[in-house]
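What follows is a set of notes on a single structure, which appears directly below.
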Amino acid sequence: RQKKPTILLLQRDKEIIPFIHECCRKDAARALERKGVTIKTSADVTRVTENDITINNKETFRTKNVFWTAGVRPQPLKITPPLQTDHNFFPVDQHLQVKNSEDIYALGDCALSFNEHDGKPVPALAQVATKQAKILARNIIHKLNNGPQERFFFKSSGLLISIGRKFAVADLGPGLRFKGFFAWWLWRTVYLMKLIGMRSKLKVAYEWTLNLFFSRDTAQL
Numbered sequence: 000r001q002k003k004p005t006i007l008l009l010q011r012d013k014e015i016i017p018f019i020h021e022c023c024r025k026d027a028a029r030a031l032e033r034k035g036v037t038i039k040t041s042a043d044v045t046r047v048t049e050n051d052i053t054i055n056n057k058e059t060f061r062t063k064n065v066f067w068t069a070g071v072r073p074q075p076l077k078i079t080p081p082l083q084t085d086h087n088f089f090p091v092d093q094h095l096q097v098k099n100s101e102d103i104y105a106l107g108d109c110a111l112s113f114n115e116h117d118g119k120p121v122p123a124l125a126q127v128a129t130k131q132a133k134i135l136a137r138n139i140i141h142k143l144n145n146g147p148q149e150r151f152f153f154k155s156s157g158l159l160i161s162i163g164r165k166f167a168v169a170d171l172g173p174g175l176r177f178k179g180f181f182a183w184w185l186w187r188t189v190y191l192m193k194l195i196g197m198r199s200k201l202k203v204a205y206e207w208t209l210n211l212f213f214s215r216d217t218a219q220l
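Going letter by letter, the sequence shown gives residues 0 to 220 in this note's numbering.
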């Protein structure tokens, strides 16, 4: 009989999915635990070998498979004076203009900006980049015409996070937080609507429909 794999999820932060509401984080953690996933937070990976992984220079776990998922780090640019942080992000002001520069703008994953109302970093999400793009494009036009710069304020359009098959958590604002199959269906619907081109939408919809009736394919590596 095939042995069921042991899955250990390590998170460097104090909680998983830190940018979503607390109740949604707890729902996501419980869903993962029901699937047999062991979660360890505040776990900084300090050593990885072919046979084990060590966290916080203390605990070591034997494993043959390590999957690292992390955000992106922008490429460094040789600019004098330097405009990037130690992690190569470009700090920007409320107009998305790189600080200590005159004609350089940044958005998306390479930009580091903060919300004015709470001082927290703006999350590196696709909805942030698309909203920034509209403001940035107008600001470039305004700058070329000596017009006033527009300020960027991030207001979340809602967050949908899939936690495996037929389960997701939804954080659409106060009073609109829920979980389960409907959240998962809504996540798939929004994802499908945002795909570009009818061919891509039909292809994905076809694959998803098949997945409703058949189990996942497996592969031996």
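Ideal Cβ positions, reconstructed from N, Cα and C, are used throughout, including at glycine.
Residue i, enclosing beta strand (DSSP E) - first and last residue
| i | result |
| --- | --- |
| V47 | 44-47 |
| E58 | 58-61 |
| V91 | Careful: V91 lies outside any beta strand (DSSP E) and carries neither H nor E. |
| L170 | Checking the sequence shown, residue 170 turns out to be Asp, not Leu. Counting along the chain, the beta strand (DSSP E) containing D170 begins and ends at 167-170. |
| L76 | Unbroken run through L76: none, as it is neither H nor E. |
| V36 | 36-39 |
| I16 | Here I16 belongs to no beta strand (DSSP E), and DSSP marks it neither H nor E. |
| I52 | 51-54 |
Rounded separation between residue i and residue j - CA only
| i | j | result |
| --- | --- | --- |
| L135 | H116 | 20 Å |
| S156 | P4 | 37 Å |
| G172 | L124 | 17 Å |
| S214 | K142 | 55 Å |
| N50 | F60 | 9 Å |
| D43 | I19 | 21 Å |
| D170 | P17 | 12 Å |
| K133 | W183 | 29 Å |
| I195 | Y205 | 16 Å |
| V65 | T48 | 9 Å |
| Q148 | I139 | 8 Å |
| V91 | K13 | 27 Å |
| R164 | L209 | 13 Å |
| R198 | L185 | 21 Å |
| L211 | T217 | 16 Å |
| G174 | K25 | 16 Å |
| E58 | E101 | 48 Å |
| T129 | C22 | 27 Å |
Proximity below 9 Å, CB of residue i to CB of residue j
| i | j | result |
| --- | --- | --- |
| L7 | T68 | no |
| Q74 | N55 | no |
| F177 | F166 | no |
| T40 | R46 | no |
| Q93 | F151 | yes |
| M192 | K200 | yes |
| A30 | V189 | no |
| R137 | S161 | no |
N- and C-terminal bounds of the alpha helix (DSSP H) containing residue i
| i | result |
| --- | --- |
| A136 | 125-143 |
| K200 | 197-212 |
| K193 | 180-193 |
| K25 | 21-33 |
Cβ shell of residue i (< 8 Å), same chain only, five flanking positions each side left out
| i | result |
| --- | --- |
| E32 | I38 |
| Q10 | I38, K39, T40, S41, A42 |
Own chain, CB closer than 7 Å to residue i, minus 5 neighbours either side, in chain order
| i | result |
| --- | --- |
| V121 | S112, F113, N114, V127, F153 |
| C109 | P73, F88, F89 |
| E71 | In the sequence under discussion, the amino acid at residue 71 is Val, which differs from the Glu named in the question. Around V71: D108. |
| A28 | I15, I38 |
Whole-Å CB distance - residue i paired with residue j, under 8 Å assumed
| i | j | result |
| --- | --- | --- |
| L106 | Q131 | 4 Å |
Residue i at chain B interface by Cβ criterion, 9 Å
| i | result |
| --- | --- |
| V127 | The displayed structure is made up of one protein chain only, and chain B is not part of it. |
Close beta carbons around residue i, own chain, < 6 Å, minus the five adjacent residues each side
| i | result |
| --- | --- |
| Q96 | Y104 |
| G35 | none |
| K119 | none |
beta-carbon residue i near the ligand HEM non-hydrogen atom, thresh 8 Å
| i | result |
| --- | --- |
| R24 | You won't find the ligand HEM in this model; it holds no ligand whatsoever. |
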